[in-house]
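**Q** Protein chains in written order, with the working numbering: chain A, 547 to 798; chain B, 16 to 310. This is the structure I have questions about; it appears just below.
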Amino acid sequence: MTIDVNTFVGGYPFRYVPHPDPSALSRVLEREGIDSAWVGHLPSAFYRDPTPGNHELFSLLEKNTKLRPVPTVRPDWPRWREQLSAAADVGAPAVRAYPPQWGLGPHDPAMRELALAAGELDIALVLTVRFEDLRQRHALDVAGDLSAAAIRVLARAGERVRIVVTAAGREMIEEVHWGLTTEEQHRVWWDISWIWGPPEDHLGKLFRTIGSRRFVFGSQWPLRLVQNPRANLDLLPDDVRAMPLGTVNGDR
Amino acid sequence: MIAPLAGTAPLIDAHAHFYHAGSGRSDWGDLNDARFRAGDRIGITYHVASVLGSYGFSSPTYFPSPIDVTTGNDTMLEIAARESDRVRMYVTVNPNYTDHAVKEIERCVGRGAIGVKLLASRRADDPLLDPIAELAGERGLPVLQHIWQHRRREWPSQEISDGADLARLAQRHPNTTFILAHIGGGGDYAHTFPAVIDTPNIFPDLSGSGVDRGMLDDAVNVLGSSRLLWACDLTIETGLAKLRALEVIGLGKDALADIRWRNAARLFRKGAFPRAGGDQAVSMRHQSPAAASQS
């Protein structure tokens, strides 16, 4: 069973993205043999209040059993817990948050509150390290990448916290993982959308050192090619190619 | 024998690198082995590769000293000779040392190099590059120029050039073929395609870690499949992903073959890739400037 935990619908403010709609995503999943996807609402990352984006997301994915909504919850916004409750009501496996885009630093107490509250509901918190390579960003895109420090703070917040970090590279993953206790490490999963394959073999090295079960399938569609994570898995060194990916709910 | 992931048709990686003991990395041999391992698994017929001096160990990667340039080229000559059935060589030069660069090109071409690799040691449109571009044109050597897609400011560690910079050089040397490096390798590729569309002796390669959706579609739509070269650079998994994506964006068999290997076979010297379909399979409808001037 392959679940892409890192997909979106909706446009991106800084460049044209072709066909970022649920029907296209459904066709892509079918073509690529991916069973289902966690789907965020891409424009909501850049809204001040993500609530209308969540309504649109729920509407777009209504009655679609393979595309599971992952709404956005902004914890420094009034009545944010209602958005978290709404996510639970629709059976969302996770919620998304974008602290760099909201100007929330690594020690912002609101993010810690969100991680704890979501964890109490068995809802994972999906974080995005980056949407684009730092070198190609629009002049107005000044948020910067999510920091490793911000992830460590949340992983340490409480034992029921579950975090899925998307679009991280090897250096960040290692910095976070080895900066956590064993118990805290098991609260964090990493999608493989931005991890390098051969010849550097970052993914293979991480499988050997951290273990494959801390990693989950993610593509960052529609921003990036859905073929990339599969290609990365196909090109793993022989000694780690058969190692299974993790499941966010299955490891607990 | 496991079938190659990208099929059995010829496949030329027009932008590859190898490492050596002087690269400052104890795992340099593993990196070279991994490139061959992944290449075999995908089905890469030829790696057209360069060594970038000492990769920062004794002089900067993008500003290699003459001695590091020579050491790196010696390594590349040795690898190309040892792996002659699957490796071809770019001779790397630093145009700030023009005499050394010209001599290195002559030395390495005499031992089998088929192209020239330029880093980010000098802006692409700088007159210092002219003797190198001229010599490359005379010898029928494609010039692979490191490119930052859309240069908006200076960045540390390299004197970056973009498509517009390279276009100015290419327009001064219409009989030289230029390969514009890694459209997925950083910067805004959307700027690159219109910047080079009117300079027909520039051929972008698809390599780089960037796998933005829409990038390949734009490249094909703006430039056409006859101007694009498949390549991997430092991330072979993105090369495989791009091959798979090209297959689903509606390209015909000929267009796919152009990008996979035929364009490279046309641009480099005749007979450079004997295991890639033979010269008879290479249509003459898209000749390199050098080849066209010879026919």
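Backbone N, C-alpha and C define an ideal beta-carbon position, used for all residues, glycine too.
Quick one: is Asp373/B near chain A, going by C-beta distance under 9 Å?
**A** Outside the shown range of chain B, which is 16 to 310, sits residue 373/B, and nothing can be said about it.
**Q** Could one say the Cβ of Asp747/A lies closer than 9 Å to chain B's Cβ atoms, at least one of them?
**A** Yes, Asp747/A counts as interfacial toward chain B.
**Q** Classify Glu252/B: buried if its beta carbon has 16 or more other beta carbons within 10 angstroms, exposed otherwise.
**A** Its Cβ being crowded by 16 or more others within 10 Å, Glu252/B is buried.
**Q** On the DSSP bridge assignment, give the partners of Ser65/B in chain order.
**A** Its beta-bridge partners are His32/B.
**Q** Short check: CB of Arg759/A to CB of Val786/A, under 9 Å?
**A** Contact flag unset, no.
**Q** In chain B, which residues lie less than 8 Å from Trp742/A when you measure between Cβ atoms?
**A** Correct list: Ser224, Leu249, Thr250 and Glu252.
**Q** On the DSSP bridge list, what partners appear for Arg614/A?
**A** DSSP output for Arg614/A lists Trp584/A as bridge partner(s).
**Q** Count the other CB atoms within 10 Å of the CB of His30/B; is the residue buried (16 or more) or exposed (fewer)?
**A** When all chains shown are included, His30/B counts as buried.
**Q** Counting only beta-carbon separations shorter than 9 Å, does Gln160/B have a partner in chain A?
**A** Judged by the 9 Å Cβ criterion, Gln160/B is not in contact with chain A.
**Q** Got a sec, what are the start and stop residues for the beta strand (DSSP E) Thr674/A sits in?
**A** Taken as a continuous stretch (DSSP letters only), the beta strand (DSSP E) holding Thr674/A covers Ala670 to Thr674.
**Q** So, using beta-carbon positions, are Ile580/A and Val772/A closer together than 9 Å?
**A** Against a cut-off of 9 Å, the Cβ pair of Val772/A and Ile580/A comes out as a contact.
**Q** Run through chain B and tell me which residues come within less than 8 Å of Leu769/A, C-beta to C-beta.
**A** Result: Asp227 and Arg228.
**Q** Could you tell me which chain A residues have their CB closer than 7 Å to the CB of Leu20/B, listed as they occur along the chain?
**A** Chain A residues near Leu20/B: Asp780.
**Q** Cutting at 8 Å between CB atoms, please list the residues of its own chain near Val237/B, excluding the five before and the five after it.
**A** Result list for Val237/B: Phe208, Pro209 and Ile212, in chain order.
**Q** Expressed to the nearest angstrom, what Euclidean distance is found between the alpha-carbon atoms of Arg742/A and Ala36/B?
**A** Per the sequence shown, the amino acid found at residue 742/A is Trp instead of Arg. So the two alpha carbons sit approximately 23 Å from each other.
**Q** With a cut-off of 9 Å, does the C-beta of Asp679/A fall near any C-beta of chain C?
**A** Protein chains A and B are contained in the structure displayed, whereas chain C is not.
**Q** Taking Cβ to Cβ, would you say Gln629/A is nearer than 9 Å to Val636/A?
**A** For Gln629/A and Val636/A, no; Cβs fall outside 9 Å.
**Q** Taking a cut of 9 Å between CB atoms, which residues from the region 659-689 of chain A lie near chain B?
**A** Residues Glu678, Asp679, Leu680, Arg681, Gln682, Arg683, His684 and Ala685.
**Q** Tell me the DSSP secondary structure of Lys132/B in three-state form.
**A** Lys132/B: strand per DSSP, three-state reduction.
**Q** Go ahead and pull the three-state DSSP assignment for Asn111/B.
**A** Coil.
**Q** Look up Arg642/A in the DSSP assignment and give the residues it is bridged to.
**A** BP columns for Arg642/A point to Thr618/A and Val672/A.
**Q** Looking at Leu282/B: is its Cβ nearer than 9 Å to the Cβ of Ser240/B?
**A** No, the Cβ-Cβ distance between Leu282/B and Ser240/B is not below 9 Å.
**Q** With distances taken between CB atoms, is the gap from Leu156/B to Val117/B smaller than 9 Å?
**A** Not a contact, by the Cβ cut-off of 9 Å.
**Q** Quick one: list the residues of chain A neighbouring Gln164/B, beta-carbon separation under 9 Å, in chain order.
**A** Per Cβ cutoff of 9 Å: Arg681 and Gln682.
**Q** Mind checking which residues open and close the alpha helix (DSSP H) that includes Ile57/B?
**A** Unbroken alpha helix (DSSP H) run through Ile57/B: Trp43 to Ile57.
**Q** So does the region 185-196 of chain B actually touch the region 647-655 of chain A, counting three or more Cβ pairs closer than 8 Å?
**A** No, they do not touch.
**Q** Ile198/B and Gly229/B - do their beta-carbons sit closer together than 9 Å?
**A** For Gly229/B and Ile198/B, no; Cβs fall outside 9 Å.
**Q** Can you have a look at Ala685/A and say buried or exposed, based on whether 16 or more other CB atoms are within 10 angstroms of its CB?
**A** Exposed, since its Cβ has fewer than 16 Cβ neighbours within 10 Å.
**Q** Kindly indicate the opening and closing residues of the beta strand (DSSP E) around Phe193/B.
**A** Phe193 to Leu195 is the span of the beta strand (DSSP E), which, as asked, contains Phe193/B.
**Q** Jot down the residue ranges of each uninterrupted alpha helix (DSSP H) in the region 736-763 of chain A, minimum 4 residues, whole runs only, in chain order.
**A** 748-755, all fully within the region 736-763 of chain A.
**Q** Nearest by alpha-carbon distance to Gly792/A: which of Leu779/A, Ala643/A and Trp736/A is it?
**A** Of Leu779/A, Ala643/A and Trp736/A, the residue nearest in Cα terms is Trp736/A.
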